[in-house]
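Only one structure is covered here, and it is reproduced in the block below.
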Amino acid sequence: MNKIIALTVLLLSLLVTPSHAQKFITVRDGNFIKNKKPYHYIGANYWYGGLAAAKNGDRKRVLKELDELKSRGITNLRILVGAESGEQDFTVSPALQPQQGTYDETLLDGLDYLLAEMGKRDMDAVLYLNNNWEWSGGMAQYLEWNGYGKLPNPNVAPNTWPQFMAYTKQFYSCAPCKLAFENHIRFILGRTNAYTHKKYTDDPAIMAWQLANEPRIFTPENEAAFTAWLTTTVNLIDSLDPNHLISTGSEGKAGSNDDLQTFQRTHDNPKIDYLTMHIWPKNWGWYQVNDEAGSTPVAIAKTIEYIDSHITVAKALNKPIVLEEFGYPRAQESLSKTAELTYRNQFYKAIFQRLVTSIEAHEPFTALNFWGYGGYGKNDPKNGKWKKGDDFTADPPQEPQGFNSVFSTDTTTLELIKEYNAKIRK
């Protein structure tokens, strides 16, 4: 009788365990696996999703946007988990943490609602927990909260980017800042969704936790402090959540003192499940507004070179790599929704085709997220400025609204994305 019971238990475990494991996206042999199959995607940055989904936000818009994204095959969304302070000029407001360790319950409820609705649509969220940049408060705000003086806002005082960089790099050696961020991680990962009643750590709608948006080392002498923070934070997330993937949110070489070896060295960590890279042709001088026809092929060539060099690192570390940020202006950097999209579409198509080639060749470049989806958001093409109460678009508040956004009216771009999503999922 005991043998029969033992056999029954064994058979049940064999049936149950694989099913449970497949609730979550995993990594195997340099590939993402979902539902026991390789998982490739062309997703979007949708950083404002949790804010727009708040009860005092625009839930009708969010539902409409999720349905549109799903219809285009865009099912992977990279989302900001709140913001800090919200009192600086050109920063996200309202903020999830108006003060350190104090949370806006309305915005937490918005994130719950967004994840619940994504789950209904079999969509996957990559949630990033901090930001290197001032536009959501981020690391600089933690420093200000912990006695490092007022953060130098480069969007207010011209030519203060060097001061901002020097200020922000101190985060990695600021013990109370790091502790406060660890408490934030514990708080978010310990949450139970008010709509699904699932713990965040048990929610299949979450694909991965990401340490931050574009964490940068800044200087060679800061690498040790950066790596120690990265290791500690990855270990913390791993200890709190065995179900979800972990990545850093790095730009790649651009966030590693422009050195691929540094990128590889800092990411040679078994608990970092996959790599990321970001590409910004305008910011990096590859795109020229006065010569779009001539500079777009240059931007494409340099982009492919950047991707190829990072594929080499991913192969060496045997990890998938995601191009999780890239953007390209409309014609003449116009903010108008009716502006020509020819060059943007050329740029997007080249990247999509490189992804197809990588998948066919079994290379580790396996997925991407464009920056970003602005959906049905309204912008002012004459002014471009964002102010409190305006619609959120994909462009963060310090940037002209509509500059890199893919709106619902950008049908040629959305159809291109749909076409390539179909190709990579055959």
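According to the UniProt record's numbering, the stretch in the sequence shown is residues 1 to 426, in order. Even for Gly, the Cβ is constructed at its ideal location relative to N, Cα and C.
For ILE246, which of LYS178, ILE300, ALA225 and VAL322 has the nearest alpha-carbon? Taking the first residue of the sequence shown as position 1, residue 246 is located at position 246. The option with the nearest alpha carbon to ILE246 is VAL322.
For THR231, report the span of its beta strand (DSSP E) as first-last. Taking the sequence shown and counting its residues from 1, one reaches residue 231 at position 231. Element bounds for THR231: not the beta strand (DSSP E) but the alpha helix (DSSP H), 223-240.
Can you tell me whether GLY377 is buried or exposed, with buried defined as 16 or more other CB within 10 angstroms of its CB? Here residue 377 is taken as the residue at index 377 of the sequence shown, counted from 1. Burial of GLY377 is indicated by the presence of at least 16 other C-beta atoms within 10 angstroms of its C-beta.
If you run the structure through DSSP and keep just helix, strand and coil, what is LEU335? Against the sequence shown, residue 335 aligns to sequence position 335. Secondary structure at LEU335: coil, using DSSP grouped into helix, strand and coil.
Pick helix, strand or coil for GLY50, following the three-state DSSP scheme. For this step, residue 50 is matched to residue 50 along the sequence shown. DSSP places GLY50 in helix when its eight states are reduced to three.
Since ALA208 is in the beta strand (DSSP E), which residue starts that stretch and which ends it? Within the sequence shown, residue 208 is the residue found at index 208, counting from 1. It spans 206-210 - the beta strand (DSSP E) in which ALA208 sits, taken as one unbroken run.
Pop quiz: LYS55 and ASP104 are said to be a contact at Cβ under 8 Å. What is the actual Cβ separation, rounded to whole angstroms? For the purposes of this step, residue 55 is identified with residue 55 of the sequence shown, where counting begins at 1. For the purposes of this step, residue 104 is identified with residue 104 of the sequence shown, where counting begins at 1. Not confirmed; about 11 Å, so no contact.
Beta-carbon separation of THR413 and TYR343 under 9 Å? Within the sequence shown, residue 413 is the residue found at index 413, counting from 1. Within the sequence shown, residue 343 is the residue found at index 343, counting from 1. No, these two residues do not count as a Cβ contact at 9 Å.
Need the endpoints of the beta strand (DSSP E) that ASN345 sits in, please. If you number the sequence shown from 1, residue 345 lands on position 345. Here ASN345 belongs to no beta strand (DSSP E); instead the alpha helix (DSSP H) covers 342-360.
Span separating the alpha-carbon of THR106 from that of ASN130: Position 106 of the sequence shown, counted from the first residue, corresponds to residue 106. Position 130 of the sequence shown, counted from the first residue, corresponds to residue 130. If I take the Cα positions, the gap works out to 19 Å.
Can you tell me where the alpha helix (DSSP H) with HIS40 in it begins and where it stops? Along the sequence shown, read from residue 1 onward, the residue named residue 40 stands at position 40. No alpha helix (DSSP H) contains HIS40, which DSSP labels as neither H nor E.
Beta-carbon separation (whole angstroms), ASN132 vs ARG59, contact threshold 8 Å: The sequence position of residue 132 within the sequence shown is 132, counting from 1. The sequence position of residue 59 within the sequence shown is 59, counting from 1. The Cβ separation is near 30 Å, so there is no contact.
Continuous beta strand (DSSP E) assignments of at least 3 residues falling wholly in the segment 104-153: Every beta strand (DSSP E) of 3 residues or more that sits fully in the segment 104-153 is shown, in chain order, as 124-128.
Beta-carbon proximity of VAL62 to PRO396, cut-off 9 Å: Along the sequence shown, read from residue 1 onward, the residue named residue 62 stands at position 62. Along the sequence shown, read from residue 1 onward, the residue named residue 396 stands at position 396. For VAL62 and PRO396, no; Cβs fall outside 9 Å.
Per DSSP, cross-strand counterpart(s) of VAL298: For this step, residue 298 is matched to residue 298 along the sequence shown. DSSP lists no partner for VAL298.
Bridge partner(s) assigned by DSSP for ARG28: On the sequence shown, position 28 is the one that residue 28 refers to. ARG28 is bridged to ASN31.
Going residue by residue through the segment 264-309, where are the continuous alpha helix (DSSP H) segments of at least 4 residues, counting only ones entirely within it? The segment 264-309 contains no whole alpha helix (DSSP H) run of 4 or more residues.
Comparing alpha-carbon positions, which option in LYS23, ASN269 and GLN97 lies nearest ASP124? Counting from one through the sequence shown, the residue named residue 124 turns up at place 124. In this structure, LYS23 is the residue among LYS23, ASN269 and GLN97 with its C-alpha nearest to the C-alpha of ASP124.
What does the alpha-carbon distance come out to for the pair ALA21 and TYR420? Working through the sequence shown from its first residue, we reach residue 21 at position 21. Working through the sequence shown from its first residue, we reach residue 420 at position 420. For ALA21, the predicted structure reports a pLDDT of 44, less than 50, and the residue's modelled location is therefore unreliable. The matter cannot be settled from this model.
Can you tell me where the beta strand (DSSP E) with LEU66 in it begins and where it stops? Here residue 66 is taken as the residue at index 66 of the sequence shown, counted from 1. Following the DSSP letters along the chain, one finds LEU66 in no beta strand (DSSP E) but inside the alpha helix (DSSP H) bounded by residues 59-71.
Is GLU324 helix, strand or coil when you go by DSSP? Along the sequence shown, one-based indexing puts residue 324 at 324. GLU324 falls in the strand class under three-state DSSP.
Proximity below 9 Å, CB of GLU333 to CB of VAL289: Within the sequence shown, numbered from 1, the residue matching residue 333 stands at position 333. Within the sequence shown, numbered from 1, the residue matching residue 289 stands at position 289. When the beta-carbon positions are compared, GLU333 and VAL289 come within less than 9 Å of each other.
Tell me the DSSP secondary structure of THR365 in three-state form. For the purposes of this step, residue 365 is taken as the residue at position 365 of the sequence shown. Per the sequence presented here, residue 365 reads as Phe, with Thr not at that position. Reduced to three states, the DSSP call for PHE365 is strand.
Is DSSP giving GLU415 helix, strand or coil here? Residue mapping note: residue 415 aligns to position 415 of the sequence shown, counting from 1. Three-state DSSP puts GLU415 in a helix.
C-beta contact flag for PRO281 and LEU335 at 9 Å: Counting from one through the sequence shown, the residue named residue 281 turns up at place 281. Counting from one through the sequence shown, the residue named residue 335 turns up at place 335. Between PRO281 and LEU335, the C-beta spacing is not below 9 Å.
Following the continuous alpha helix (DSSP H) through LEU189, name the residue where it begins and the one where it ends. Numbered from its first residue, the sequence shown carries residue 189 at position 189. Boundaries of the alpha helix (DSSP H) harbouring LEU189: 175-189, taken from the DSSP string.
If you reduce the DSSP assignment to three classes, tell me which class ALA21 lands in. Here the question's residue 21 lines up with position 21 in the sequence shown. Note on ALA21: pLDDT 44, under 50, position unreliable in the model; the coordinate value appears next. ALA21 sits in a helix when the DSSP states are folded into three classes.
Thinking just about the alpha-carbon of each residue, which of ILE25, ALA95, HIS40 and TYR41 is nearest to the one in TYR48? Taking the sequence shown and counting its residues from 1, one reaches residue 48 at position 48. The closest CA to that of TYR48, considering only ILE25, ALA95, HIS40 and TYR41, is found on ALA95.
Measuring CB to CB, does ARG354 end up less than 9 Å from PHE365? Counting from one through the sequence shown, the residue named residue 354 turns up at place 354. Counting from one through the sequence shown, the residue named residue 365 turns up at place 365. The answer is yes: Cβ separation under 9 Å.
Own chain partners of LEU114 with C-beta closer than 6 Å, once the 5 adjacent residues on each side are dropped: For this step, residue 114 is matched to residue 114 along the sequence shown. Taken in chain order, the residues that qualify are GLY49, GLY50 and ALA53.
So, are the CB atoms of ASP112 and ARG186 less than 9 Å apart? Indexing the sequence shown from 1 puts residue 112 at position 112. Indexing the sequence shown from 1 puts residue 186 at position 186. Taking a C-beta distance under 9 Å as the contact criterion, ASP112 and ARG186 do not qualify as a contact pair.
How close, in whole Å, do the beta carbons of GLY375 and GLU68 come, if the pair is a contact with beta carbons under 8 Å? If you number the sequence shown from 1, residue 375 lands on position 375. If you number the sequence shown from 1, residue 68 lands on position 68. The Cβ separation is near 7 Å, so the contact holds.
Between which two residues does the beta strand (DSSP E) carrying TYR373 extend? As a position in the sequence shown, residue 373 is number 373, starting the count at 1. Here the beta strand (DSSP E) through TYR373 covers 373-375.
Exposure of LEU179, with buried meaning 16 or more beta-carbon neighbours within 10 Å: Position 179 of the sequence shown, counted from the first residue, corresponds to residue 179. LEU179 should be labelled exposed.
Segment limits, beta strand (DSSP E) that includes LEU245: Position 245 of the sequence shown, counted from the first residue, corresponds to residue 245. LEU245 -> beta strand (DSSP E) spans 245-247.
Which one of ASP89, ALA157 and VAL126 has the shortest CA to CA distance from residue 482? There is simply no residue 482 to check, as the chain begins at 1 and stops at 426 in what is shown.
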